[in-house]
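In our numbering, the protein residues as written are 23 to 355. I have placed the structure first, in the form of structure tokens, so that the comments after it can refer back to it.
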Amino acid sequence: MHLNNPHLVVNESTPRPDKSPEGMKIVPPGVEYHRVLADDKRRIGRGILAIVLVVGGMWAAILGFAVLARMVDGMLGVPQSGEGRGLLTPTMHAFGCFATALLIPWSMLVQHGLYRVPGASLHSVFSRFRFRLFTRTLFIIAPLFVVLNVVSNVILPTESVVWLQSDLLWLLAATLLLSPLQAAGEEYGVRGLIFRVAGSWGRGPRTSLILGVVVSALVFAAFHLSFDPYLYIWYSVLAVSSALITWRSGGIEIAVVLHAAFNTLSFVFAVGMSGDLTAGLDRSVADPSSGIALIGPCLVVIATLVVVWFRTRHTGPMTTPAVESQRPAAFTS
């Protein structure tokens, strides 16, 4: 994972130009990712509203698309319950992933509407998605999760059930096409906007970082609605590590890879092994086997954080470039 760091050290008390020619706030120069929304006022009420809009918007989209999926299944004659998949029809899975993926534009819209900061700044401190960093990280992380899934299925084999072939194929297709976008949506909403919103409540970079990490981790764990303590450990490790990675690397790309690779490959292996998704998706009780299976992913996430920290040990976390180098960007760019 190669991190170029054209690091700009600017005192946060230095006067900043407030507006671009288009009336949009200019991303402040020389600040870390989580401090982009920070200014002289904490605006806690506005921040709480932003968090409510992000989480509420996500659930509204999920519930709305769930109703739509049931209607589509009814028109197609798809039974609500099936062997192996339980109540999760391919349509429900696809629409659910798509609904969560809508957090990407929705988070940008909320940031733009409440803070007048360009939505593209959620990608990184450079207001662009760094595809080279994303690709390099993907080629490292994805094979690790493939190996972990193979080892997990060998050590902790699950009982196979008889699947309807069409269900299996369509679920695989929906997973490969839409699960990465679902994970990216959660990252933009939580490690992107909520991390920044909570970070804007602190007076200094360190306080802001603690607030951003803690609040974003709590929100991330809460909206997964699980009663399995082992899953909450995983959510906490992923949330805290991803927030710190986003801070050090100056962008959302590595966090997206970690989340997307884990979600997509775990589901692909579960379906590919004809596993019982009804049991696998049950978060109502503690499952020690899930705790064992999540040890490897936790280690991968923590190791990624260590590597990113090591690569930025001399430069520190990446910061936004000078104002002169910022091009006024439209919200949709």
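Here a beta-carbon is modelled for each residue, glycine too, at the ideal position from N, C-alpha and C.
By the neighbour-count definition (other C-beta atoms within 10 Å, threshold 16), W81 is an exposed residue.
A direct Cα-Cα distance of roughly 7 Å separates Q102 from T111. R335 sits exposed, since fewer than 16 C-beta atoms from the chains shown fall within 10 Å of its C-beta. L253 places its beta carbon 9 Å or farther from that of F284. For the pair R225 and R64, the Cα-to-Cα distance works out to about 8 Å. For Q204, the uninterrupted alpha helix (DSSP H) run begins and ends at 187 to 209, by DSSP.
Looking at the DSSP output, G273 shares a beta bridge with S146. Under DSSP, T341 shares a beta bridge with E54. For A60, the three-state secondary structure derived from DSSP is coil. Taking a C-beta distance under 9 Å as the contact criterion, L280 and V322 qualify as a contact pair. Taken atom to atom, the span from the alpha-carbon of G297 to that of L191 is near 14 Å.
Note that the region 135 to 154 touches the region 267 to 276; at least 3 beta-carbon pairs, one per stretch, sit closer than 8 Å. Annotation for S238: V212, R213, I216, F217, A220, A261, A265 place their beta carbon closer than 7 Å to its own, counting only its chain and skipping 5 residues before and after. Only buried fits V53, as 16 or more other CB atoms lie within 10 angstroms of its CB.
Minimum Cα-Cα distance from F156 among the listed residues P343, A116, A282 corresponds to A282. The three-state reading of DSSP puts D309 in coil, since its state is none of H, G, I, E or B. Taking 9 Å as the cut-off, the beta carbon of L125 is found no closer than this to the beta carbon of Y55. A contact between stretches requires three or more CB pairs, one per stretch, nearer than 8 Å, and the region 317 to 333 fails this requirement with the region 198 to 209. CA-to-CA, the gap between A121 and P343 works out to about 33 Å. Following the DSSP letters along the chain, one finds L85 inside the alpha helix (DSSP H) bounded by residues 66 to 98.
Under the DSSP assignment, L166 falls in the alpha helix (DSSP H) whose first and last residues are 153 to 177. If you draw a straight line from the Cα of F245 to the Cα of A277, it comes to about 18 Å.
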